[in-house]
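Heads up, the thing below is written out as structure tokens.
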Amino acid sequence: MAHVAFVFIVCALLALKWPVFGGRNTVLVMIGALLPDIFKLILPLRLIGVNAEDALMLFHIPVGTLLVCGLCALLFEAGMRKRVFLLFAFGMMMHYALDVLLISVTGGLVLLYPLSWETWQLDLIRPDNWLGTTILVGAAVLVWLVLKWRPHRATDLR
Amino acid sequence: MRRWLLAAVLICAFIALAAYYDANVTYHLDSPRESEVSANYDAYVGRNVTISGEVISTSTQSFELKGALDTYTIFSTEAVQRGDHVTVYGVLEPGHQLQAVAMAVSPGVLAALVYVRSFVALIFVSALFFARWRFDRHGWVIRPRKPGSQERDGV
């Protein structure tokens with residue numbers, strides 16, 4: 225939820241100067257921000273006794289998410305695939321920008337795999353921090369309301 | 294045709310990278326996890342390991358942590374409660390015991406809430422997406438619901 229709210233705010237601000245981030249394209253950036261979380265499929269799999277954490281981890285590593293962005297972009301009609309891919313990739317970058325702030329005991333994000341196995345983490349925010357998420361969602365709602373009363377902007381999400 | 298070929302290449306690349314990660318991650322971990330420890334417990338005694346699980350009971354100087362495969366006694370003075378989700382980094386001792394060095398404690402409700410939030414976000418973004426884009430079954434492609442709208446396309 226924090227990723228979606230963060231991406232919405234960033235896109236709304238960027239769309240003031242670059243309209244490509246507004247309108248129906250905003251939701252593509254939001255989807256890009258959710259793609260790394262396909263990794264969370266490990267949870268329902270765990271319930272049926274399958275531990276696929278390592279096999280599915282690539283979804284939550286930039287190179288793997290980029291491949292998924294490419295696959296998803298291929299679902300769109302020719303002529304817009306490149307732009308869709310770039311918007312997905314931008315959302316993905318926003319996801320990792322937030323995730324790298326989180327506290328991790330186990331090491332952190334393997335951002336440069338397969339070039340390097342080094343892990344990265346800034347250890348600033350707890351993963352279960354509900355206050356930060358609430359503030360981000362509140363700010364996103366505020367931005368949405370401001371845009372709602374500015375009907376001639378391209379960044380509407382009504 | 295070119296589209297399907299490209300999709301096949303991307304899928305193959307993903308499978309290859311995922312398989313390589315799965316096969317080699319054990320050698321690059323900062324500290325072994327429960328799956329590695331359980332496979333050869335004695336080899337990891339005295340080394341730093343990471344164990345995650347749920348607190349099932351507590352006492353003054355320790356608590357019992359139920360991992361995915363075994364239950365461990367964790368020696369730590371940090372306050373935890375039954376039901377908390379804990380990740381412990383510490384020194385493994387004989388008899389499924391661990392001397393904690395660092396811990397991340399998350400109340401059970403908050404840990405579950407992280408996934409509830411993700412699910413809500415998924416539903417919200419899906420609804421938003423299908424309000425603006427549609428799947429064309431004939432061409433197996435996704436198209437804008439209102440093609441030609443320059444303003445909405447943001448170009």
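Going down the list, the sequences are from chains G and H. Note that our numbering has the first sequence beginning at 225, numbered continuously upward. Note that our numbering has the second sequence beginning at 294, numbered continuously upward. Virtual Cβ for every residue (Gly too), placed ideally from N, Cα, C. The model shown is predicted, which means the values in this text are computed figures rather than measured ones.
Item, Value
"Three CB pairs or more closer than 8 Å across the segment 279-293 of chain G and the segment 330-337 of chain G", "yes"
"Any C-beta of chain H under 8 Å from that of W344/G", "no"
"Under 9 Å from the C-beta of P437/H: neighbouring residues of chain A", "In summary, chain A is missing from the structure at hand, where the protein chains are G and H."
"For S340/G, the three-state DSSP class (helix, strand or coil)", "coil"
"Beta-bridge pairing of A397/H - partner residues as DSSP gives them", "T380/H"
"Residues of the segment 340-368 of chain G whose Cβ lies closer than 8 Å to any Cβ of chain H, in chain order", "W341, T343, R350, P351, D352, W354, T357"
"Chain H contacts from the segment 281-293 of chain G (Cβ-Cβ distance under 8 Å)", "M281, L282, I285, V287, G288, L291, V292"
"Distance between G246/G and M396/H (C-alpha atoms, nearest Å)", "42 Å"
"Endpoints, the beta strand (DSSP E) within which G331/G is located", "Counting along the chain, G331/G falls outside any beta strand (DSSP E), and DSSP gives it neither H nor E."
"7 Å CB neighbourhood of F314/G in its chain, flanking five on each side removed", "V253, G256"
"Assumed close pair L258/G, V418/H - CB separation to whole angstroms, cut-off 8 Å", "6 Å"
"Proximity winner among W426/H, F423/H, F356/H, relative to R375/H (alpha-carbon distances)", "F356/H"
"Pair within 8 Å by beta-carbon distance, M316/G and A414/H", "no"
"Whether L326/G touches I359/G by CB criterion (8 Å)", "no"
"Short CB-CB distance (under 8 Å) between V434/H and chain G", "yes"
"Short CB-CB distance (under 8 Å) between D315/H and chain G", "yes"
"Beta-carbon neighbours of D323/H, restricted to chain G and to distances below 8 Å", "T330, G331, T343"
"Beta bridge counterpart(s) of S355/H as assigned by DSSP", "F368/H"
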